[in-house]
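Enquirer: Residue numbers (our numbering), protein chains in the order written: chain E, 1487 to 1822; chain G, 180 to 716.
Mind having a look at this structure? Questions to follow.
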Ligand code: HEM
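Below, the structure written as structure tokens:
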């Protein structure tokens, strides 16, 4: 089982890689304006009585003409053909990503079966599961807002990098849990931390994309901004960033509380400023800061977005930094 | 925060002459309670917590702090002055969070007042030109063309509704602000819980060897280390006693621990005696305090018969060295050994001590340096014997787990041999005295803790989460319906015209959908709620 899990991870990485290449093709072919759809939510108009669809229908929703796609194909069919190819590549990328997520899920499940416990007993398994959540959540986003598909390029890149890192640097053999971890609060705490981390991880993608895209829209034409030439419009990216963080934050809050309850039962104190707890506190405060900053009109959106990225850096610090540099009571995540 | 003592200043002072101090105060208060300040303080709080994870903390690992002083003799005292080894109790950390919470209270109060006011107000009258609103539509031949019917549809959907003549105003999403206030008030409650816990709580750690002789009663002296909150006196500790009856541990073949269970007899304050069990994740809850299992080990029983034939038995807990197979190290000291029975004189240079390892599963052959399994399968001690002056009288507090290295260095304590002993084996030393390894008793290390305020914190955490959800996911929005009498030549051919407008007051990407559904519901009086959703995706 354990070997199967390892194989599935490798296949998942390959699939993410293929998806990434496919996204890159889409990117290379795509016409910038073709994707600058105004908003994420499908634009619709309410057509009132004038539309004359009386009776039960009353006001009828008519999908607005895909206004932003129209001007993308000025004359002749060359641009439109390459746009069609780009769309095809993008769709392929989406499906391959879905395949990768299935393989990824298989890897997580078989790992859990091999260990005969939840597959999150060490750092390797933690990263494996967090990336799975991130990728699965991405599919959900893609399903609801297909116009954001081009973000997939960045997402698959992140997946390939993180999974390869986990394979090469964090891999450990399957081992059972120590008594300190045998508690249902462990399952509640760790599963919610993983879930929230996965969403936060996904949140970084539109956040970084937003920062680049916003720069591009303000006329910056230097290096990182040029990457954003063909990304969806900044406002939509920013909204997605917020939505993901707003979704993950209460889950993270709950996870931290569950951790405190577990710590109370296991160590006799709910909160002891162990390095992991300290960094969870820091992350929580930084993310609260992000939500505040976003709600404060005088704070610019890109400042707020930077705070969200800072929040993720503190999460990374907690996962990698604390495990490597400090020793605390949270010994389980160790790599040895 | 506003001026209170305006009245005594009788002369009708021109209103402009504001006391500069008051003005300053008011300004600072305004500054302090602004969102910007809250943001900065939050950020400061995060930054201030970092040294608490980078540097060892007294509350978490005092021994590492001591080590830090040894490793960095120059830097450590200076860091200590800044409170860097007790970050979370330091003045500057407290200052930040107290300012933050002051700001928070200053923020909550006016907002709560405004919100209560808003809750009592009715939804405002419709703007003149509904078509200017973000959402607007005109309903043709609606089923519900009378304001009360429209209001009923809205009420069914839990809108707050008021009918004014031919206009219906409705608002929804008050939960957002309610949730937000609940969240922030809960934060204050959590902090209060923390404060109560640190004022009235106490805790202590100790090691408890199995057996009647080693029972412990809850007094401060009986703890190796204890901390009482500022409002707690030693006399306040509830009187109970604990005796370790049994300790069970199960290990996987790999040596990893699978299960621990400690069985104790408790003498409760009310005089009742009961047997209870507890484990790593399930503490013993005594009502007046909780007992937590932190660690465990074995205490070898060593019987020393000195040259005069007098026997002393010592059960000394050896401490784990930290390897996975429970190798332990420790010291058994016999300071009263070799007292001449004729003179009764203690011979300070004839004291005896044994120093070495305990191996629950000793290997079959040398070297006997590490246990091979954490369970007792082939228990053995590997000891070095020392004779001389143990240095216990020097007045320097020594560790019971270590010999005084200075006495060895200056030759006052000499090693006189070493040996490995299995259970029941006896070792005869050069002076004819003997040491027998009788067996072991299990011991556990426990923390006893009373933490009031935790229920408050738990409750506050629940309301905090509930409030947070409300705050993040509720959306404040308003809709209006205006019914105009039928006009000749209108597109509605003589039936009355209903105009609707909607205004999301907070960011709400789904508002257009909701508005459409609402309008659909009104136009056919709620009969086809589901239909309008078609084509949303
Ligand atoms: C103890 C520190 C604080 C923490 C951890 C904290 C946390 C949060 C969080 C997580 C939110 C997001 C919920 C939402 O977006 O509605 C929020 C919102 C808010 N906070 Fe705080 N807060 C703190 C202090 C303050 C202070 C001092 C103020 C007043 C200056 C304040 C005013 C607000 C306001 C007005 C919102 C609503 C923003 C909106 O319109 O959505 N908070 N806070």
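Backbone N, C-alpha and C define an ideal beta-carbon position, used for all residues, glycine too.
Is the shortest distance between the beta-carbon of residue 239 of chain G and the beta-carbons of chain E less than 8 Å?
Expert: If you number the second chain from 1, residue 239 of chain G lands on position 60. Yes, contact with chain E.
Enquirer: Can you pull the chain E neighbours of residue 286 of chain G, defined as C-beta to C-beta under 9 Å?
Expert: If you number the second chain from 1, residue 286 of chain G lands on position 107. The premise fails here: residue 286 of chain G is roughly 11 Å from chain E at the closest Cβ pair, so nothing lies under 9 Å.
Enquirer: Compute the minimum distance between the beta carbon of residue 286 of chain G and the heavy atoms of the ligand HEM, and state whether it is under 7 Å.
Expert: The residue labelled residue 286 of chain G in the question sits at position 107 within the second chain. Yes, the ligand HEM has a heavy atom inside 7 Å of this Cβ.
Enquirer: In whole angstroms, give me the CA-to-CA distance for residue 1783 of chain E and residue 364 of chain G.
Expert: Numbered from its first residue, the first chain carries residue 1783 of chain E at position 297. Numbered from its first residue, the second chain carries residue 364 of chain G at position 185. Approximately 23 Å, taken between the alpha carbons.
Enquirer: Quick one: residues in its chain with C-beta nearer than 6 Å to the C-beta of residue 1497 of chain E, no 5 flanking neighbours on either side, listed in chain order?
Expert: The count along the first chain starts at 1 and reaches residue 1497 of chain E at position 11. Around residue 1497 of chain E: 1589.
Enquirer: Secondary structure at residue 1629 of chain E, three-state DSSP: helix, strand or coil?
Expert: Looking up residue 1629 of chain E in the first chain gives position 143. In the structure shown, residue 1629 of chain E sits in a helix (DSSP, three-state: H, G or I).
Enquirer: Nearer than 7 Å: is that true of the beta carbon of residue 642 of chain G relative to any heavy atom of the ligand HEM?
Expert: Residue 642 of chain G sits at position 463 when you count from the first residue of the second chain. No, since every heavy atom of the ligand HEM falls outside the 7 Å radius drawn around the Cβ of residue 642 of chain G.
Enquirer: Taking only heavy atoms of the ligand HEM into account, decide whether any of them is closer than 7 Å to the Cβ of residue 212 of chain G.
Expert: Walking along the second chain from the start, residue 212 of chain G turns up at place 33. Residue 212 of chain G: yes, Cβ under 7 Å from the ligand HEM.
Enquirer: Quick one, which of G:559, G:519 and G:528 has its alpha-carbon nearest residue 538 of chain G's?
Expert: For the purposes of this step, residue 538 of chain G is identified with residue 359 of the second chain, where counting begins at 1. Looking at the Cα atoms, G:559 is the closest of the given residues.
Enquirer: Anyone know if the C-beta pair for residue 1639 of chain E and residue 1688 of chain E falls short of 8 Å?
Expert: Looking up residue 1639 of chain E in the first chain gives position 153. Looking up residue 1688 of chain E in the first chain gives position 202. No.
Enquirer: Does residue 222 of chain G come out as helix, strand or coil in the three-state DSSP assignment?
Expert: By 1-based counting over the second chain, the position of residue 222 of chain G is 43. Helix.
Enquirer: Residues of the stretch 323-350 of chain G in Cβ contact with chain E at a cutoff of 7 Å, in chain order, please.
Expert: Listed by position along the chain: nothing, the set is empty.
Enquirer: Along the stretch 221-255 of chain G, what residues have a CB closer than 8 Å to any CB found in chain E?
Expert: Answer set for the stretch 221-255 of chain G: 221, 222, 224, 225, 228, 229, 231, 232, 233, 236, 238 and 239.
Enquirer: Does any residue of chain G bring its CB to less than 8 Å from the CB of residue 1725 of chain E?
Expert: Against the first chain, residue 1725 of chain E aligns to sequence position 239. For residue 1725 of chain E, the answer is yes, since a Cβ of chain G falls inside 8 Å of its Cβ.
Enquirer: Since residue 1738 of chain E meets chain G, which of its residues come closer than 8 Å, beta carbon to beta carbon?
Expert: Position 252 of the first chain, counted from the first residue, corresponds to residue 1738 of chain E. What residue 1738 of chain E touches in chain G: nothing, since even the nearest Cβ is about 10 Å away.
Enquirer: Please tell me whether residue 217 of chain G has its Cβ less than 8 Å away from any Cβ of chain E.
Expert: The residue labelled residue 217 of chain G in the question sits at position 38 within the second chain. It does: the Cβ of residue 217 of chain G has a partner Cβ on chain E nearer than 8 Å.
Enquirer: For the putative contact between residue 445 of chain G and residue 416 of chain G, defined by C-beta atoms under 8 Å, what is the C-beta separation to the nearest angstrom?
Expert: Counting from one through the second chain, the residue named residue 445 of chain G turns up at place 266. Counting from one through the second chain, the residue named residue 416 of chain G turns up at place 237. Rounded, the Cβ-Cβ distance is 15 Å, inconsistent with contact.
Enquirer: Measure from the alpha carbon of residue 234 of chain G to the alpha carbon of each residue in E:1759, E:1766 and E:1738, then state which is nearest.
Expert: What you label residue 234 of chain G is simply residue 55 of the second chain in a count that begins at 1. The shortest C-alpha separation from residue 234 of chain G is found at E:1759.
Enquirer: Would you please verify whether the beta carbon of residue 1520 of chain E is less than 8 Å from any beta carbon of chain G?
Expert: Mapped onto the first chain, residue 1520 of chain E falls at position 34. Note on residue 1520 of chain E: pLDDT 43, under 50, position unreliable in the model; the coordinate value appears next. No, its Cβ sits nowhere closer than 8 Å to a Cβ of chain G.
Enquirer: Going by DSSP, name the residue or residues bridged to residue 663 of chain G.
Expert: Position 484 of the second chain, counted from the first residue, corresponds to residue 663 of chain G. DSSP, once it has assigned bridges, lists G:676 as partnering residue 663 of chain G.
Enquirer: If you measure from the beta carbon of residue 1720 of chain E to each beta carbon in chain G, is any gap under 8 Å?
Expert: Along the first chain, one-based indexing puts residue 1720 of chain E at 234. Not closer than 8 Å to any Cβ of chain G, the Cβ of residue 1720 of chain E fails to qualify, so no.
Enquirer: Looking at residue 1605 of chain E: is its Cβ nearer than 8 Å to the Cβ of residue 1615 of chain E?
Expert: Residue numbering aside, residue 1605 of chain E sits at position 119 when the first chain is read from its first letter. Residue numbering aside, residue 1615 of chain E sits at position 129 when the first chain is read from its first letter. It is a contact, given that the beta carbons lie within the stated cut-off.
Enquirer: Taking the C-alpha atoms as reference points, what is the distance between residue 347 of chain G and residue 329 of chain G?
Expert: Numbered from its first residue, the second chain carries residue 347 of chain G at position 168. Numbered from its first residue, the second chain carries residue 329 of chain G at position 150. Whole-angstrom Cα-Cα distance: 7 Å.
Enquirer: Using only the alpha-carbon positions, how far apart do residue 1657 of chain E and residue 1761 of chain E sit?
Expert: Along the first chain, read from residue 1 onward, the residue named residue 1657 of chain E stands at position 171. Along the first chain, read from residue 1 onward, the residue named residue 1761 of chain E stands at position 275. Spanning the two alpha carbons is a distance of roughly 23 Å.
Enquirer: State buried or exposed for residue 307 of chain G, treating a residue as buried only when at least 16 other CB atoms are found within 10 Å of its CB.
Expert: Position 128 of the second chain, counted from the first residue, corresponds to residue 307 of chain G. Exposed.
Enquirer: Excluding the 5 residues preceding and the 5 following residue 655 of chain G in the sequence, name in chain order all residues of the same chain whose CB lies nearer than 6 Å to its CB.
Expert: Your numbering for residue 655 of chain G matches position 476 in the second chain. Excluding residues within five positions, the ones whose Cβ falls inside 6 Å are 352, 355, 684 and 685.
Enquirer: If you run the structure through DSSP and keep just helix, strand and coil, what is residue 696 of chain G?
Expert: Here residue 696 of chain G is taken as the residue at index 517 of the second chain, counted from 1. If DSSP states are grouped into helix, strand and coil, residue 696 of chain G belongs with the helices.
Enquirer: Tell me whether residue 1566 of chain E sits in a helix, a strand or coil according to DSSP, three-state version.
Expert: By one-based count along the first chain, residue 1566 of chain E stands at place 80. Note: residue 1566 of chain E maps to helix in three-state DSSP.
Enquirer: For residue 626 of chain G, decide whether its Cβ has a neighbour in chain E, counting only Cβ atoms nearer than 8 Å.
Expert: Your numbering for residue 626 of chain G matches position 447 in the second chain. Cβ-Cβ to chain E under 8 Å: yes for residue 626 of chain G.
Enquirer: Please classify residue 424 of chain G: does DSSP put it in a helix, a strand, or coil?
Expert: Translated into the one-based positions of the second chain, residue 424 of chain G becomes position 245. Residue 424 of chain G falls in the strand class under three-state DSSP.
Enquirer: What residues in its chain sit with their C-beta under 7 Å from that of residue 1675 of chain E, if we drop five residues either side in the sequence?
Expert: Counting from 1 along the first chain, the entry for residue 1675 of chain E is found at position 189. The answer, listed in chain order, is 1741, 1744, 1745 and 1748.
Enquirer: Can you pull out the residues from the stretch 450-464 of chain G whose beta carbon lies closer than 9 Å to at least one beta carbon of chain E?
Expert: Listed by position, the residues of the stretch 450-464 of chain G near chain E (Cβ gap below 9 Å) are 458, 459, 460, 461 and 462.
Enquirer: Run the proximity test for residue 1509 of chain E: is its beta-carbon closer than 7 Å to any non-hydrogen atom belonging to the ligand HEM?
Expert: Taking the first chain and counting its residues from 1, the one referred to as residue 1509 of chain E is at position 23. Not so, every heavy atom of the ligand HEM lies at least 7 Å from the Cβ.
Enquirer: What does residue 1755 of chain E touch in chain G if you count any residue whose Cβ is under 9 Å from its own?
Expert: Here the question's residue 1755 of chain E lines up with position 269 in the first chain. Ordered by position in chain G, the residues that pass the 9 Å Cβ test against residue 1755 of chain E are 382, 471, 626, 628 and 630.
Enquirer: Measuring straight from C-alpha to C-alpha, what distance separates residue 336 of chain G and residue 696 of chain G?
Expert: Translated into the one-based positions of the second chain, residue 336 of chain G becomes position 157. Translated into the one-based positions of the second chain, residue 696 of chain G becomes position 517. The alpha-carbon atoms of residue 336 of chain G and residue 696 of chain G are separated by roughly 11 Å.
Enquirer: Would you kindly report the start and end of the unbroken beta strand (DSSP E) that includes residue 624 of chain G?
Expert: Indexing the second chain from 1 puts residue 624 of chain G at position 445. First-last of the beta strand (DSSP E) with residue 624 of chain G: 613-629.
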